[in-house]
Each structure stands twice: as structure tokens, then as C-alpha cells.
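Numbering (my numbering), first residue to last: 2 to 189. Notes follow the structure.
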């Protein structure tokens with residue numbers, strides 16, 4: 002009889018542990034800083050991703066809706082970085098899109114928002130199916146100001162990396178694309 006109670010308690014504890022694992026909430030650790038010896042800025046969101054950004058970048062704003070951390074360097078260049086799970090997007094709540102399918106679905110969802118809501122244009126710059134990323138730009142006139150943002154979205158094992166060059170007065174198109182690819186391809 003005593004063994005039955007012990008097995009029942011163990012079974013109940015296992016049930017509680019398994020139920021807790023099934024939750025869609027995530028505990029995250031966010032951090033990073035400039036490493037002067039390496040002249041690189043490190044940024045991480047555990048368990049979703051990390052990146053090493055060439056040069057010195059200061060954290061500026063954080064967008065809670067998109068989980069984007071914005072950075073600015075001494076030249077006035079501005080970038081944004083976001084990491085997260087692939088099943089937290091409204092188009093993928095059921096986690097049906099993974100890999101390249103997720104990347105294309107994200108591109109359509111995000112770029113069409115800018116086109117439909119703000120009247121901007123979109124252009125695919127590079128697709129890479131083997132590494133599950135796409136680079137595109139959204140551009141045009143937004144409220145009398147020039148808007149020209151280069152973006153990369155990549156997915157691996159339901160971990161989403163989202164990088165963008167928000168403003169850059171001196172970088173030509175090729176440098177923006179190279180910068181975004183460099184951030185993404187260093188990922189494990």
C-alpha cells in the first residue's frame with residue numbers, strides 16, 4: 002500500500018513537470034556589451050540567439066511589440082536586432098511553418114504590412130534556401146521622408162533571427178547586404 006502512494010506521488014510530480022514544459026511562456030536572459038579588445042559589440046537573448054556586431058554600438062530604444070533592440074554607432078548608423086521563437090507570430094501560432102516556409106511566410110506578412118499600411122514598396126534582394134534566410138528592403142516616401150530599410154529574416158530550429166539596417170548615410174546597398182549576411186551567418 003505504501004508503494005502505491007509513493008508511485009502515485011511520483012506520477013503526480015512527473016505530470017506537473019511535463020505540464021510545466023508544455024507551456025508557451027519563455028524565460029529569457031538578455032544582455033551584452035561592447036568588447037573593446039575585440040572591437041565588437043555582443044548581444045544575446047538566451048535561449049533564442051546571440052550575435053557579435055563589428056565595431057562599437059550603443060543600445061538605444063527597445064520595441065516591446067516586435068522585441069527589437071535598436072543600436073546606434075558613432076557615425077549615426079542605426080540597426081535593429083530581434084531573436085525569438087517561430088511560434089509566437091500571428092501567422093504561425095500553430096507552428097506549421099518552419100525553415101524556408103517560415104521565412105517566406107514572414108516576408109509576406111511583414112513586407113505586406115509596410116506596403117498596405119504605409120504605401121511603401123518592397124524588393125527581394127537575396128534568397129538563400131539552404132541557410133533559410135531572405136534579405137529584402139522596404140522603401141519609399143513615408144510622410145514626406147525617405148524610408149529605406151534593409152532587412153534579413155532567418156529561421157533555424159524554430160529560432161528566428163531578425164536583423165535590419167534602419168539608417169545609414171554612408172553604406173551603399175552592397176555593404177548593407179554584406180553586413181546583414183555577416184550577422185546571420187555567424188550564428189550556430
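No residue lacks a Cβ here, since even glycine has one placed at the ideal position from N, Cα and C. A quick note: this is a predicted structure, and the numbers were derived from the prediction, not measured.
Look up residue i in the DSSP assignment and say whether it is helix, strand or coil.
i: residue 90; result: coil
i: residue 71; result: strand
i: residue 180; result: helix
i: residue 42; result: strand
i: residue 37; result: coil
i: residue 175; result: helix
Can you tell me the Cβ-Cβ gap for residue i and residue j, rounded? I've got them flagged as a contact below 8 Å.
i: residue 134; j: residue 80; result: Going by Cβ atoms, the distance from residue 134 to residue 80 rounds to 16 Å, so no, they are not a contact pair.
i: residue 93; j: residue 87; result: 6 Å
i: residue 139; j: residue 112; result: 6 Å
i: residue 1; j: residue 54; result: Because residue 1 is not part of the residues shown, which for the chain are 2 to 189, the question remains open.
i: residue 177; j: residue 169; result: 6 Å
i: residue 180; j: residue 166; result: 6 Å
Using the C-alpha atoms, what's the distance from residue j back to residue i?
i: residue 84; j: residue 143; result: 27 Å
i: residue 59; j: residue 137; result: 25 Å
i: residue 32; j: residue 153; result: 22 Å
i: residue 101; j: residue 108; result: 11 Å
i: residue 50; j: residue 117; result: 30 Å
i: residue 34; j: residue 44; result: 7 Å
i: residue 146; j: residue 121; result: 12 Å
i: residue 187; j: residue 141; result: 31 Å
i: residue 184; j: residue 52; result: 6 Å
i: residue 47; j: residue 157; result: 15 Å
i: residue 75; j: residue 56; result: 10 Å
i: residue 97; j: residue 106; result: 11 Å
i: residue 174; j: residue 126; result: 10 Å
Identify every residue that forms a DSSP beta bridge with residue i.
i: residue 185; result: Bridge partners of residue 185: none, in fact.
i: residue 170; result: Answer is none; residue 170 lacks a bridge partner.
i: residue 53; result: 43
i: residue 163; result: 83 and 154
i: residue 64; result: 69
Segments of 3+ residues assigned as beta strand (DSSP E) that fall wholly inside the region 74-160: 79-86, 122-129, 134-143 and 146-157
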